[in-house]
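Input: a single structure, listed below in structure tokens.
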Amino acid sequence: MEAKAIARYLRVTPMKARRVVDLVRGKQANEALAILQFAPQGASEPVYKVVASALANARQHADKAGVAFNEDDFVITEARVDEGPTMKRFRPRAQGRAYRINKRTSHVTIVVGTEEKGGDQ
Numbered sequence: 795m796e797a798k799a800i801a802r803y804l805r806v807t808p809m810k811a812r813r814v815v816d817l818v819r820g821k822q823a824n825e826a827l828a829i830l831q832f833a834p835q836g837a838s839e840p841v842y843k844v845v846a847s848a849l850a851n852a853r854q855h856a857d858k859a860g861v862a863f864n865e866d867d868f869v870i871t872e873a874r875v876d877e878g879p880t881m882k883r884f885r886p887r888a889q890g891r892a893y894r895i896n897k898r899t900s901h902v903t904i905v906v907g908t909e910e911k912g913g914d915q
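Take a look at the structure:
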């Protein structure tokens, strides 16, 4: 079973968000939430919310399908940070010049799934 959550247009630069997402990629979902809760980076709060949302979506899919739900079975199978649109702002500088300030945004995608216990074939 898989469930997905996407947060779009986050006001975090993709490079900073990728640092946080790399911490939890491939980890168990509960362990990832614990890591994100105490991570010092500013991007850890929105990523925490996306992981929690993906788990909640998995719970909803399980309830709808009538399947038993156990949070401990879920692993982050895919974690991706894509670049969103950049807001361009201008800053006045000396002698009438203007420097451009790029305010970058991110799209964070988290997919949680159960580990399939099957034979090697």
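In the numbering used here, the protein residues as written are 795 to 915. All C-beta atoms, glycine included, are put in the ideal place defined by N, C-alpha and C.
Considering only 814, 829, 895 and 796, the residue with the shortest C-alpha distance to residue 874 is 814.
Going by DSSP, residue 888 is part of no alpha helix (DSSP H) at all; its letter is neither H nor E. Among the bridge pairs identified by DSSP, residue 822 is matched with 869. The Cβ-Cβ distance between residue 892 and residue 845 does not fall below 9 Å.
Burial check for residue 803: the Cβ neighbour count within 10 Å stays below 16, so the residue is exposed.
Here residue 812 is buried, its C-beta having at least 16 other C-beta atoms within 10 Å.
Counting only the Cα atoms, residue 801 lies some 6 Å from residue 901. Excluding the 5 residues flanking it on each side, residue 838 has same chain C-beta neighbours closer than 6 Å at 814 and 830, in chain order. Taken in chain order, the complete alpha helix (DSSP H) segments of 4 residues or longer contained in the stretch 829-881 are 838-859. Residue 866 and residue 908 have their C-alpha atoms roughly 9 Å apart. About 10 Å separates the CB atoms of residue 898 and residue 882; that is not less than 8 Å, and the two are not in contact.
Taken atom to atom, the span from the alpha-carbon of residue 862 to that of residue 884 is near 54 Å.
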